Structure formats: structure tokens, C-alpha cells
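Okay, structure first, notes after.
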Amino acid sequence: MKIAIIGAGALGSVIGFHLAPVISITLVDPWAEHVGAINATGLRCTYNGDETSRSIPATTDPASVEPVDVALVTVKAAQTAWAAETAAQLLKPGGVAYTLQNGLGNAEVLSRRLGTLRVGQAVTTLGATLLGPGRVRLAGRGPTTFGAAPSLSIAYALADTFRTAGLPAGVSTDLNSLVWGKLIVNVGINALTAILRVPNGALASVPAASALVRQAVEEAVAVARAAGITLALADPVAETLAVAQATAANRSSMLQDILRGAPTEIDTINGAIVREGRRLGVPTPFNELLCDLVKALEATAPLRVQ
Ligand code: KPL
Numbered sequence: 302m303k304i305a306i307i308g309a310g311a312l313g314s315v316i317g318f319h320l321a322p323v324i325s326i327t328l329v330d331p332w333a334e335h336v337g338a339i340n341a342t343g344l345r346c347t348y349n350g351d352e353t354s355r356s357i358p359a360t361t362d363p364a365s366v367e368p369v370d371v372a373l374v375t376v377k378a379a380q381t382a383w384a385a386e387t388a389a390q391l392l393k394p395g396g397v398a399y400t401l402q403n404g405l406g407n408a409e410v411l412s413r414r415l416g417t418l419r420v421g422q423a424v425t426t427l428g429a430t431l432l433g434p435g436r437v438r439l440a441g442r443g444p445t446t447f448g449a450a451p452s453l454s455i456a457y458a459l460a461d462t463f464r465t466a467g468l469p470a471g472v473s474t475d476l477n478s479l480v481w482g483k484l485i486v487n488v489g490i491n492a493l494t495a496i497l498r499v500p501n502g503a504l505a506s507v508p509a510a511s512a513l514v515r516q517a518v519e520e521a522v523a524v525a526r527a528a529g530i531t532l533a534l535a536d537p538v539a540e541t542l543a544v545a546q547a548t549a550a551n552r553s554s555m556l557q558d559i560l561r562g563a564p565t566e567i568d569t570i571n572g573a574i575v576r577e578g579r580r581l582g583v584p585t586p587f588n589e590l591l592c593d594l595v596k597a598l599e600a601t602a603p604l605r606v607q
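Read left to right, the sequence shown gives residues 302 to 607 (the numbering used here).
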């Protein structure tokens, strides 16, 4: 099996770093400086203070990659349309793209270009931060679960490959409950950490912040129920706060985006709750406010007082 990882950000880079010794992979990313650094000195991955360098083929040019069986899509939501075009170029006729992205709506963007039978979804809790060109930090090897659709045999092959590479992985026939479970955790943590500019742990340790997490999560749970989703979380507020505590020192991906002046994934996270809420007649005023605040943060970046 040949794999291309589309998007060599934090997540794509750590996955590539682990898979490279066990399977044929190529990293594809438009960021020339990052790709150049990986090709020059290998991808450097720090874990618990130790840095290891590994040589991995990386390119900015999809046309230079031989056709692959699987494309793992790990770009930010704003680049999903580019990833769809890239996957269309890279995949063999029977090949499948799996999105490992945060939030809702990315699989639909890929499906519009590739067709639903060539798009799968996976949920990952791998924690990583991109440190700079060619350098990534692994925070934790949380499990990755591949959806059984559209191909059970490819899902099992991917989970096996991940496990062989030292990454915990499995396959689920009910991925939707995991997708929504992760969405709800992101709804509770990402926007609030970006607005308050705090590491994840502050949401669990400061009661006034935990109360805001509760508001965001309770609205999202009401939307999930109205959508008929069986959530994999027994107590969504407590479990979101537990994730904030377990990743206490981390900066959420949305806080990292805001600090870099990059577009955030607010539309596929809290924005998805607002859209689904409207469709199903469930009010989501707090998530609407979070969306407006994050969009204002994005728009005012050049004017920010340091
Ligand atoms: O997935 C995450 C993210 O930052 O996007 C959490 C779980 C909040 C960890 O930082």
C-alpha cells in the first residue's frame, strides 16, 4: 500500500514520522520552507525532550508523486478544497482519501470532488505541535479510529499499519458518535482557549472558565441529540474538562492559529454546531457568540496590542 499525507502540519508530520519506517509514504504540503527543511535534514520530532530525525520524502508538487492507494488528509479546514484537488491528482482509480481533520464538513468537501465512495473519515487524538520548518513536537500518542466506510479492508489495513508504526489505532462501524464526541470536546476547548489566550488546563482549573465550557458543550449536546447522534461520551461536560486537564500544558490548535495570525477552524467546530442547530431548530446563542468573537479575533489580528 502506498500512502500520501496531504498536509504536513503538526498532525500530518507526526503521522508521517511514525509511518515512514514501515510503509511507502510521501508528505505533500504547499509550504516550501517546511518541505525544503524535511528534504535537507530529515523531519525532526521531539518527544519528552528527546529529538529524533528521520528521512521522509516530502514535496510541494503532487505531480511528482507516484499514484497512491490512500491519501490521509490532515490539512486545516481552510485548505480542504486544495486537499481535494490534490487527492484527485494523487489517488489511483480505486484509491481512498481519509480525512483526519477536526470538526464537521470536511468529508463533504472531499466527497464533492472525489465522490462519497472514495472518502473515509477517521478520528484521532494524537497530540502534536509544529515548532517550525522541519520540526514537530509529539505531545501524546492518543488513539486513531478509522471509519469502516467506504472500505473495511482499507480501514483495517490502515489501523494495522498505524499499530505497526507504534500508533494506537482501531476501526469503528459507528464513527459518527466518535466524530461528534471529538467535535464536542473541540467546541468546549478550542474557541475559549483562543479567546482567553490560555493553555487548555486553565479551562479545567478556573471555575469561571469551566462554566463557559459547560455552556458551549451543553448547547452542542442538545444539537447532537436533535440530530439523533448516540454520543460516545457519558458526561460530555466532565469529559471535555478531563481532556482540558489531561492536555493542561497544550495550546489548543485554535489558540495556535490565532497566535500565528492564521485562519482558524471555527466554522467547522462551533460554526458547525450553529448551522446544525439552525437546521434542527435548536438554539445555540453561546456558540454563535464564540464564533463572532473568534472571527473578530481573526479580523483584528493586524491591529493587536502586544
Ligand atoms: O484537539 C484539540 C485541539 O487543540 O484541536 C484538543 C483536544 C483541544 C487538544 O488541544
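Glycine included, each C-beta is placed from N, C-alpha and C at the ideal position. Everything numeric in this text was worked out from a predicted model, so none of it was measured.
From the options, residue whose alpha carbon lies closest to that of residue i
| i | options | result |
| --- | --- | --- |
| Gln-380 | Ala-600, Gly-396, Gln-402 | Gln-402 |
| Gly-529 | Val-486, Ala-563, Val-583 | Val-583 |
| Ala-533 | Thr-417, Glu-367, Tyr-457, Ser-478 | Ser-478 |
| Ile-306 | Val-329, Pro-322, Leu-320 | Val-329 |
| Glu-577 | Leu-484, Val-376, Pro-451 | Leu-484 |
| Pro-508 | Leu-542, Ala-495, Ala-525, Pro-537 | Leu-542 |
| Arg-526 | Val-544, Ala-470, Leu-560, Leu-581 | Leu-581 |
| Ala-521 | Ile-324, Ala-550, Ala-600, Arg-579 | Arg-579 |
| Leu-391 | Ser-354, Ala-372, Lys-377, Ile-316 | Ala-372 |
| Val-376 | Val-575, Ala-466, Thr-565 | Thr-565 |
| Ser-365 | Val-595, Met-555, Thr-387, Gly-317 | Thr-387 |
| Arg-442 | Leu-418, Ala-523, Glu-409, Leu-468 | Leu-468 |
Residues of its chain near residue i, where Cβ-Cβ distance is below 6 Å and the 5 sequence neighbours each way are ignored
| i | result |
| --- | --- |
| Asn-571 | Val-488, Ala-492, Asn-588, Leu-591, Cys-592 |
| Thr-347 | Arg-438 |
| Glu-540 | Leu-534 |
| Thr-610 | With the chain covering 302 to 607 only, the question about residue 610 has no answer from this structure. |
Residue i versus residue j: straight-line alpha-carbon distance, rounded
| i | j | result |
| --- | --- | --- |
| Ser-297 | Asp-362 | It is not possible to answer for residue 297, since the shown part of the chain is limited to 302 through 607. |
| Gln-607 | Pro-331 | 30 Å |
| Lys-393 | Ala-535 | 41 Å |
| Gly-396 | Asp-370 | 4 Å |
| Arg-464 | Arg-605 | 44 Å |
| Thr-360 | Thr-585 | 42 Å |
| Leu-598 | Met-302 | 43 Å |
| Thr-446 | Ile-455 | 13 Å |
Boundaries of the beta strand (DSSP E) in which residue i is found, first to last residue
| i | result |
| --- | --- |
| Leu-439 | 436 to 448 |
| Ser-412 | No beta strand (DSSP E) contains Ser-412, which is instead part of the alpha helix (DSSP H) from 407 to 415. |
| Thr-565 | Segment: none, Thr-565 is in no beta strand (DSSP E) and carries neither H nor E. |
| Val-371 | 369 to 374 |
Terminal residues of the alpha helix (DSSP H) in which residue i lies
| i | result |
| --- | --- |
| Gln-516 | 508 to 527 |
| Thr-430 | Unbroken run through Thr-430 is the beta strand (DSSP E), 420 to 433; no alpha helix (DSSP H). |
| Gly-337 | 333 to 342 |
| Ile-485 | 476 to 497 |
Same chain, Cβ closer than 8 Å to residue i, five either side skipped, listed in chain order
| i | result |
| --- | --- |
| Ala-341 | Gly-435 |
| Ala-510 | Leu-493, Leu-497, Val-499, Ala-503, Leu-504 |
Close beta carbons around residue i, own chain, < 7 Å, minus the five adjacent residues each side
| i | result |
| --- | --- |
| Gly-406 | Thr-569, Ala-573 |
| Arg-561 | none |
| Trp-481 | Ala-525, Ile-530, Leu-532 |
Are the region 418 to 427 and the region 495 to 508 touching by the rule of at least three beta carbon pairs closer than 8 Å?
Cβ pair count under 8 Å is below three, so no.
*Would you check if the region 332 to 342 and the region 428 to 447 touch, i.e. whether three or more CB-CB distances between them fall below 8 Å?*
The count of Cβ pairs closer than 8 Å, one atom from the region 428 to 447 and one from the region 332 to 342, reaches three, so the stretches are in contact.
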